[in-house]
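These notes concern the structure reproduced below.
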Amino acid sequence: MKSFEFIIIGGGIAGVITYLFLKEKTNKILLLDKKEILEGASGAAGAFLFPKIGLNDLYTKFINSSILEAIKFYNSIGINIHTKGVILLPRNEKDFEKFKRYQKEIELPFKKIKEGFYFDFGSVINPDDLKKFSFNYEKIEVKKLQKKDEWVINNCIKTKNIILATGYEKIIDIPYIKIRPVWGERIEIKASYEDNELCSLDKCYFHKNCSVGKIEDIIKIGATHKRDCLDCFENIEEVKELIKKANEIVKIKEYEVLSIKGGFRAASIDYFPVVGKIIDIDKTLKEDKYIIKGDRPRKIFYKEGLYIINGMGGRGFSNAVSCARRLVEYIFENKDLGFLDTKRQFIKWARKEGEEYVKSR
2 MKSFEFIIIG
12 GGIAGVITYL
22 FLKEKTNKIL
32 LLDKKEILEG
42 ASGAAGAFLF
52 PKIGLNDLYT
62 KFINSSILEA
72 IKFYNSIGIN
82 IHTKGVILLP
92 RNEKDFEKFK
102 RYQKEIELPF
112 KKIKEGFYFD
122 FGSVINPDDL
132 KKFSFNYEKI
142 EVKKLQKKDE
152 WVINNCIKTK
162 NIILATGYEK
172 IIDIPYIKIR
182 PVWGERIEIK
192 ASYEDNELCS
202 LDKCYFHKNC
212 SVGKIEDIIK
222 IGATHKRDCL
232 DCFENIEEVK
242 ELIKKANEIV
252 KIKEYEVLSI
262 KGGFRAASID
272 YFPVVGKIID
282 IDKTLKEDKY
292 IIKGDRPRKI
302 FYKEGLYIIN
312 GMGGRGFSNA
322 VSCARRLVEY
332 IFENKDLGFL
342 DTKRQFIKWA
352 RKEGEEYVKS
362 R
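In terms of my numbering, the sequence shown is residues 2 to 362.
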């Protein structure tokens, strides 16, 4: 039976970036996925590294700090991030009013350009560029996961530690972690168009109801826009919808569709990614029954060697960098995960659904 120190289940952007960080600590890693690496949502991602405009709260701070960290990380490993800067535009009149209020909240360097904001670090990645790295990878569908002296997968691979990077799909049921699928797409076209008066597509990117960028002579249009749409799939109607949104930014005339890619982003119910060790619900609630009454947990028990990195949402190519680094630091240096920790969802779940869960056992 093959043996490893870490197995990452899920070859999307969260699993791939986690692998790259883990590789600095150990070579005994295996990456598993039932598809190829960076397919599905990650392969369909626009991979736009754009900041967030909004109230300067914890979520906005996390998104924007993750963008800057991701840019530094990709540059350090030799990934071309095609930096040209991005103009963020309000979607409607309501958004326009919000933008006026948000202006004083922006901590990142920016320029005010009419109704929008320009950030000079706006960048775009080609997801396929990450495939150039060497991964110890096997195309396997995980059908059975057991804990014996170590974790055993499909009765043929064992490991001390498992990291679940499975996106919206479940390998095991973790009741307190709620991940929902959000359909997202990227299309690539060649087209004739009229530039936005604010900036040429050759010189900058745009985001409004979708993200639009041009690399060489190919225009990329991407959006994450349909929640709980499990019957969504790539089709020409979806293309027309994205073209319509892009036309609010640049006037596209004739176009040729080069590719259509779609997939289900994994989003948590509170939008923050979920990172850390999986909690042993039964043991924790047995030892501290007052958690379900609203008390703060006195002690939380965990499943030995079982971790998760999930809920990257529509910003996987930036969020995954920050989350993977923090997860590896948590595993090897016991650094606090803060608001990303799985505990936040567990405590909310225990207060709301814990009593019913205990009764059902």
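Positions of the beta carbon are idealized from the N, C-alpha and C atoms, including for glycine.
Residues Ile80, Asn81 of the same chain have their beta carbon placed closer than 8 Å to that of Asp130, with the five preceding and five following residues left out of the count. Contact between the segment 6-17 and the segment 151-168 is present, with at least three C-beta pairs closer than 8 Å. Residue pairing of Phe63 in beta bridges, as defined by DSSP: absent, with no partner found. Judged by their CB atoms, Tyr60 and Phe207 are not nearer to each other than the 8 Å cut-off. It is roughly 14 Å from the alpha-carbon of Leu243 to the alpha-carbon of Ala192. In this model, Glu354 and Phe347 are separated by some 10 Å (Cα to Cα). Here the alpha carbon of Glu25 sits roughly 46 Å from the alpha carbon of Tyr194.
Secondary structure at Asn76: helix, using DSSP grouped into helix, strand and coil. The Cβ-Cβ distance between Lys144 and Glu151 does not fall below 8 Å. Phe100 is classed as buried because its beta carbon has at least 16 other beta carbons within 10 Å across all chains shown. Classified as buried, Thr225 has 16 or more neighbouring CB atoms from the shown chains inside 10 Å of its CB. Distance check between Cys324 and each of Phe22, Ile10, Met2 places Phe22 closest, using alpha-carbon atoms only. Note: Asn335 is not bridge-paired with any residue in the DSSP secondary-structure output.
Listed in chain order, the non-local C-beta contacts of Lys29 below 6 Å within the same chain comprise Phe5, Glu6, local neighbours out to five positions each way being set aside. Here the alpha carbon of Ala46 sits roughly 42 Å from the alpha carbon of Lys287.
Annotation: Gly306 to Gly317 spans about 24 Å, alpha carbon to alpha carbon.
Around Ile188, the same chain offers Ile222, Val240, Leu243, Ile261 as residues with beta carbons nearer than 6 Å, after the five sequence neighbours per side are excluded. By the Cβ test, the segment 295-305 is not in contact with the segment 49-57, since fewer than three Cβ pairs between them sit closer than 8 Å. The C-alpha of Tyr177 lies about 12 Å from the C-alpha of Asp283.
In terms of CA proximity to Ala247, Arg92 leads the group Arg92, Lys294, Ser319. Ile173 and Glu330 have their alpha carbons spaced roughly 25 Å apart.
Sequence-distant Cβ neighbours of Leu31 in its own chain, meaning closer than 6 Å and more than five residues away, are Phe5, Ile8, Asn137. DSSP places Glu257 within a strand segment (E or B) once states are collapsed to three.
Look at Glu217 here: in three-state DSSP terms it is coil, with no helix or strand label. In the three-state reduction of the DSSP assignment, Lys284 falls in the helix class, which pools H, G and I. Across the set Leu33, Leu199, Arg352, the C-alpha of Leu199 shows the shortest separation from the C-alpha of Lys112. Per DSSP, the continuous alpha helix (DSSP H) segment holding Ser43 begins and ends at 41-45. DSSP places Ala15 inside the alpha helix (DSSP H), whose first and last residues are 14-23.
Membership of Glu305 in the beta strand (DSSP E) is indicated by the continuous run 303-311. Asp196 and Asn127 have their C-alpha atoms some 23 Å from each other. By alpha-carbon distance to Ile293, the top candidate from Glu357, Asp337, Lys62 is Glu357.
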